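**Q** To convert, note that position 89 of the sequence shown is 108 in our numbering; the numbers rise steadily by one, no gaps. For glycine and all other residues, C-beta sits at the position ideal for the given N, C-alpha and C. Keep in mind it's a predicted model, so treat the numbers as computed, not measured. I have a structure I would like to understand better, so I am pasting it below and will then ask my questions one at a time.
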Amino acid sequence: MKRGPVFAAALAFAFCPQAAFCAEGGEHAGSWLSLAFFAINFTLFVILAGYFGGPLIVGFIRDRAKQLRATLDISSSALKRAEQLAAGAERELSRLESEKAELARAMRAETEHETRRIRELARDTAERIRRDGELTAAAAQQAARREVRARLGEVAAGLARRLLEANFNPGDQEHLLADFMRKLSQETR
């Protein structure tokens, strides 16, 4: 403990006794003897307090300063760690936002691509169905014509045969049959 301030205070009280007795109505106000008594008491108090309590007070202050420095270091490192975590979280958040935007863009592009592909497939399928329908209708029409012609030919041949057998003689029958067959072959072409 430094003795300079204690000595300076004692000298100030010695040369200026009125400052030491600031309280009003003191019994020994202004007496050099009472000032010396109080100065000696105060000096003994400071010496004894410094001797016995000084190391304890200095130790307490030193320990408390160490605790405060340790707490400050821990707080400082915790603050740095929190700032690093916050910066990392901010970077991660911005990365996630950019990934989200990229995924949304990719999904829109893929959806548009698939929509175009489905439209093209639908157009192609509709065109194929229309062509198949036309071909099927034309084939059915041709098959029906052939069937009608064949049936008509069979019926006509049967009728002609019966008519010729019943009404004509063999010479007429041959002549008509040949003429009929010629016309029938022309019709079927």
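What does the Cβ neighbour count give for Leu67, buried or exposed, with the cut at 16 atoms within 10 Å?
**A** Exposed.
**Q** State the DSSP-derived secondary structure class of Ser50, mapped to helix, strand or coil.
**A** Correct three-state label for Ser50: coil.
**Q** When you compare only the Cα positions, how much space is there between Ala159 and Ala123?
**A** Spanning the two alpha carbons is a distance of roughly 52 Å.
**Q** Would you call Ala42 buried or exposed, if buried means 16 or more other Cβ atoms sit within 10 Å of its Cβ?
**A** The predicted model places Ala42 with a pLDDT of 48, which falls under 50 and marks its position as unreliable; any figure quoted below should be read in that light. Flag for Ala42 reads exposed.
**Q** Using a threshold of 9 Å, state whether the C-beta atoms of Thr207 and Arg168 are closer than that.
**A** Closer than 9 Å, so yes.
**Q** What does the alpha-carbon distance come out to for the pair Leu98 and Arg135?
**A** Taking the straight line from one Cα to the other gives about 55 Å.
**Q** If you count every other CB in all the chains shown that lies within 10 Å of the CB of Leu54, and 16 or more means buried, which is it?
**A** Buried.
**Q** What number of angstroms, rounded off, separates the C-alpha of Phe79 from the C-alpha of Gly69?
**A** Whole-angstrom Cα-Cα distance: 14 Å.
**Q** Just to confirm before moving on: does the CB-CB distance between Leu203 and Gly172 stay below 9 Å?
**A** Cβ distance < 9 Å, so Leu203 and Gly172 count as in contact.
**Q** Ala185 and Phe199 look like a contact to me (Cβ under 8 Å); what is the Cβ gap, rounded to whole Å?
**A** The pair is not a contact, with the Cβ atoms about 15 Å apart (cut-off 8 Å).
**Q** What would DSSP say about Arg22, mapped onto helix, strand or coil?
**A** Reduced to three states, the DSSP call for Arg22 is coil.
**Q** If you run the structure through DSSP and keep just helix, strand and coil, what is Arg208?
**A** If DSSP states are grouped into helix, strand and coil, Arg208 belongs with coil.
**Q** CA-CA distance, Gly152 and Asp143?
**A** Straight-line Cα distance between these residues: approximately 14 Å.
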